[in-house]
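Q: Below: one structure in structure tokens.
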Amino acid sequence: MRAVLEVRDVAKYFGGVKALDGVSLEVPETGLVGLIGPNGSGKTTLFNVVTGFYVPDKGEVLLRESDDLVRIDGLNPNEVFKKGVVRTFQIPRLFNSLTVLENLLVTPLGQRGESLVRALLRGSWSGQERELARKAVELLKMFDMLHYANSKVSELSVAHIKMLETIRGLMTPAKLYLLDEPAAGVDYSTARKLFTYVRKLRDERGLTFLVIEHRLEILMEYVDYVYVLHNGKLLSEGKPQEVVSDPKVVEAYIGA
Ligand SMILES: Nc1ncnc2c1ncn2[C@@H]1O[C@H](COP(=O)(O)OP(=O)(O)OP(=O)(O)O)[C@@H](O)[C@H]1O
Ligand SMILES: [Mg+2]
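Going by this note's numbering, the sequence shown wraps up at 268, each residue one higher than the last.
Pasting the structure below:
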């Protein structure tokens, strides 16, 4: 399988802190790849480098464009987004005073979203607006959240807020979805549900994911391949079972 994303020998320093120190990894087309590691190991920093929030101090980030891999390091977040990389945030970035459905229609694509919320209020819809709404409803159904469509975000549980952040990312068609701890702070059974839905999107629609998760035991059931970061370096990689039984990984987690 060809790579959608290739990270080559990337480093990112904050003063004396080596948040990333020579990390290389790749995500294949239709892959569901996990990125794990103890607190402060560099996971979010890697997402920030890939999505243009940070320029790496060293190394390259490449994204597939038809038959080529092209460099995207140095592009700004908006440019990376337009190239087809969507990310969700560890701390959800939602509009608390809007409803669940409205949050999904205010996509990062901008103006269209605002006019959509107005259209919602007016009750008049253009074809494009209707298509987005159809997609929102479909995703809400899939994530078993349709009954919350008209609830305000401020009324939702933490688990549903986290779920909504993921669904919002999925509203935008993308080559690659980066999910930053989509199940953080979420109970075990809801976390498993969320990963089941993500896996289904990969299996049935061929979407590609790189997912950060803290809890090994949850991620292991769902991903094809795992990278483990520790102190900004790649500590281990492989199939879930290989990584779980890697003594280096066990030690890093016990020592964390
Ligand atoms: N903007 C920043 N300025 C200074 N230091 C930073 C910055 N961002 C991250 N760091 C440091 O870089 C290291 C890696 O942080 P990062 O947020 O990438 O870790 P993480 O693996 O996502 O951790 P967590 O599991 O807690 O989310 C940490 O030591 C952190 O304090
Ligand atoms: Mg993080």
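We put the CB at the ideal spot given by N, CA and C, even for glycine.
Only a predicted model underlies this, so the values are computations on that prediction, with no experimental measurement involved.
1. Report buried or exposed for LYS153, applying the criterion of at least 16 other Cβ atoms within 10 angstroms of its Cβ.
2. Span of the alpha helix (DSSP H) holding TYR152?
3. So for VAL170, helix, strand or coil by DSSP?
4. Grab me the residues of THR178's own chain with a C-beta within less than 7 angstroms of its C-beta, minus the 5 sequence neighbours each way, in chain order.
5. Helix, strand or coil, according to DSSP, for HIS159 in the structure here?
6. Using DSSP with H/G/I as helix, E/B as strand and the rest coil, what is LYS187?
7. Roughly how many whole angstroms lie between the Cα atoms of ARG227 and TYR200?
8. Do you know how far the Cα of PRO40 is from the Cα of LEU17?
9. So, using beta-carbon positions, are VAL61 and LEU182 closer together than 9 angstroms?
10. Could you compute how far the alpha carbon of LEU168 sits from the alpha carbon of GLY197?
11. Could you tell me the distance, in whole angstroms, from the CA atom of GLY218 to the CA atom of THR42?
A: Once the coordinates are examined:
1. Counting from 1 along the sequence shown, the entry for residue 153 is found at position 141. LYS153 should be labelled exposed.
2. Numbered from 1 along the sequence shown, position 140 holds the residue referred to as residue 152. Just to set this straight, residue 152 is Leu in the shown sequence, not Tyr. Taken as a continuous stretch (DSSP letters only), the alpha helix (DSSP H) holding LEU152 covers 139-154.
3. Here residue 170 refers to the residue found at position 158 when the sequence shown is read from its first residue. Three-state DSSP puts VAL170 in a helix.
4. Counted from its first residue, the sequence shown places residue 178 at position 166. Once the five neighbours on either side are set aside, the close Cβ partners of THR178 are THR100, LEU191, PRO194 and LEU206.
5. Reading the sequence shown from its first residue, position 147 is the one you call residue 159. Correct three-state label for HIS159: helix.
6. What you label residue 187 is simply residue 175 of the sequence shown in a count that begins at 1. Note: LYS187 maps to coil in three-state DSSP.
7. For the purposes of this step, residue 227 is identified with residue 215 of the sequence shown, where counting begins at 1. For the purposes of this step, residue 200 is identified with residue 188 of the sequence shown, where counting begins at 1. Going from the Cα of ARG227 to the Cα of TYR200 covers about 10 angstroms.
8. The residue given as residue 17 occupies position 5 in the sequence shown. The residue given as residue 40 occupies position 28 in the sequence shown. Cα to Cα, LEU17 sits roughly 7 angstroms from PRO40.
9. Position 49 of the sequence shown, counted from the start, is the residue given in the question as residue 61. Position 170 of the sequence shown, counted from the start, is the residue given in the question as residue 182. No, the pair does not count as a contact, with Cβ atoms beyond the cut-off.
10. Residue 168 sits at position 156 when you count from the first residue of the sequence shown. Residue 197 sits at position 185 when you count from the first residue of the sequence shown. Distance between the alpha carbons of LEU168 and GLY197 is about 14 angstroms.
11. If you number the sequence shown from 1, residue 218 lands on position 206. If you number the sequence shown from 1, residue 42 lands on position 30. Those two C-alpha atoms are separated by around 5 angstroms.
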